[in-house]
Each structure stands twice: as C-alpha cells, then as structure tokens.
C-alpha cells in the first residue's frame, strides 16, 4: 500500500496559470519535503515542513509556495508557472531527524508539463 | 555548500556482472543512504548506514560507510535486468532535517 501519495501523477498547465500539486501520507511523519527533479538530475529540495514549521531553501524562487494544513497533507503551489518549471515534483516524508528517522520515503511524483 | 560526487556517472554492464559505485564528499556525513529510482517513479530506499565503517547488505546489494565519514560505496552482485535505473547516494550532516543528494549513477544492464 502506498504510504506517500501524490496527485495527480501527471499535470499539464499553461504558462502563467497557477497550479497546485498535492501530497498525502499515511505514516504520521513529522517532516514533509518537496523536491524538484529535472531530467535524471538529483532531486533539488525546495522546502520542508517540520510539523508546522516551514523551512524554505535559500534558492527556492518566490513563485513556489507550500501549505501544510495538517499532518497528513502538504501542497505545492506554483503561482505563475514558466517553461523552466516543467519537471518531476517529488514529495517525501521522514519521521524525525535522528538516526533512522532521517530516512525519507518518497511518493511516485507528479510530472508537470507547462505549455 | 555540501556536495556529493557520485561515480561513475553511468554504467553499461552485462547481466550477471558485478557493479560498484561510490559517493565522495569534502564534508563529513553522519548518515549515508542509497536510493534507486526507476523511470517515472520516486526514489526507493535500498540501504541506510549510520556508523563509520558499517557494512550492510540487502540481498545482492552491499554498502559501506567509509571510515573517514566522507565517502560510501554500493556494490551490486550478479546484476539482473531489473537493476536498471538511477542510483543516488544521500547524506546527512549534524542534526539537519534534510539530505544532500549525490549526482546519481545511471545503470544499464544488457542481456
């Protein structure tokens, strides 16, 4: 059974049209992460939530926002998608940052296309 | 910032061959993780390492946490076609809540 679920698996949007990607987890983990991954490159961390505390990466564009309304759900909002934002977006969770808790469990990803 | 360099970048091997890849850094890490990513899917954890010198196996996979804490390697024995994919190392420093990912090794297995 999937433990980190991303919807949709494929998303097509128009240039400049806001889009929201969703992630849910059944693991009751404290930490949720959003990554951007382009063409077989390493996943690039955009931001993460430790419980309700939001941690933005310094180089994450303002165009990317996130919401975590409760433990189970986390959303990635792209306010004005550009062609360069076409990528695979990965959600991951971890229980806590100590020892085995740092292991991140990934969803299957959402592939975003921007027309 | 921290960087993890993986080598080789890609490998083409024949079914049945053994594979070795490694991950190096100029920084010290206290946790090393190895993930495999199939096309169009998210990374899946293969092996986790928590102590310098630790050697851990998972089926045909074996990984080691380097003594200097700046490197790790992953070996795959007797490769099979389903081993195809991209292998990422990932490391954690201090008490950070996040991981640093390596550049990836793409593995192709021919029959």
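Protein chains in written order, with my numbering: chain A, 3 to 117; chain B, 993 to 1103. Ideal Cβ placement from N, Cα and C applies to all residues, glycine included.
C-beta atoms of residue i and residue j nearer than 9 Å
{"i": "residue 1068 of chain B", "j": "residue 1011 of chain B", "result": "yes"}
{"i": "residue 30 of chain A", "j": "residue 68 of chain A", "result": "no"}
{"i": "residue 18 of chain A", "j": "residue 99 of chain A", "result": "no"}
{"i": "residue 1045 of chain B", "j": "residue 1058 of chain B", "result": "yes"}
{"i": "residue 51 of chain A", "j": "residue 1037 of chain B", "result": "no"}
{"i": "residue 109 of chain A", "j": "residue 6 of chain A", "result": "yes"}
{"i": "residue 81 of chain A", "j": "residue 61 of chain A", "result": "no"}
{"i": "residue 1096 of chain B", "j": "residue 1029 of chain B", "result": "yes"}
Anticipated Cβ contact below 8 Å, residue i with residue j, distance rounded
{"i": "residue 44 of chain A", "j": "residue 1080 of chain B", "result": "6 Å"}
{"i": "residue 1056 of chain B", "j": "residue 1049 of chain B", "result": "Not confirmed; about 10 Å, so no contact."}
{"i": "residue 1101 of chain B", "j": "residue 1039 of chain B", "result": "Incorrect: roughly 19 Å between the Cβ atoms, too far for contact."}
{"i": "residue 1026 of chain B", "j": "residue 1083 of chain B", "result": "Not quite, the Cβ-Cβ distance comes to about 10 Å (not below 8 Å), so this is no contact."}
Any chain A beta carbon closer than 9 Å to residue i
{"i": "residue 1023 of chain B", "result": "yes"}
{"i": "residue 1091 of chain B", "result": "yes"}
{"i": "residue 1079 of chain B", "result": "no"}
{"i": "residue 1061 of chain B", "result": "no"}
{"i": "residue 1036 of chain B", "result": "yes"}
{"i": "residue 1095 of chain B", "result": "yes"}
{"i": "residue 1032 of chain B", "result": "yes"}
{"i": "residue 1098 of chain B", "result": "yes"}
{"i": "residue 1087 of chain B", "result": "yes"}
Bridge-paired residues (DSSP) for residue i
{"i": "residue 46 of chain A", "result": "A:38"}
{"i": "residue 1057 of chain B", "result": "B:1064"}
{"i": "residue 1006 of chain B", "result": "B:1102"}
{"i": "residue 90 of chain A", "result": "A:39 and A:113"}
{"i": "residue 1083 of chain B", "result": "B:1024 and B:1092"}
{"i": "residue 69 of chain A", "result": "A:77"}
{"i": "residue 1013 of chain B", "result": "B:1066"}
Short CB-CB distance (under 9 Å) between residue i and chain B
{"i": "residue 58 of chain A", "result": "no"}
{"i": "residue 45 of chain A", "result": "yes"}
{"i": "residue 42 of chain A", "result": "yes"}
{"i": "residue 6 of chain A", "result": "yes"}
{"i": "residue 96 of chain A", "result": "yes"}
{"i": "residue 80 of chain A", "result": "no"}
Determine, using beta-carbon pairs with one atom in the segment 32 to 39 of chain A and one in the segment 89 to 96 of chain A, whether at least three such pairs fall under 8 Å.
Enough Cβ pairs lie closer than 8 Å, so yes.
Taking one C-beta from the segment 997 to 1011 of chain B and one from the segment 18 to 34 of chain A each time, how about it: are there three or more such pairs within less than 8 Å?
Here the segment 997 to 1011 of chain B does not lie against the segment 18 to 34 of chain A, with fewer than 3 beta-carbon pairs under 8 Å apart.
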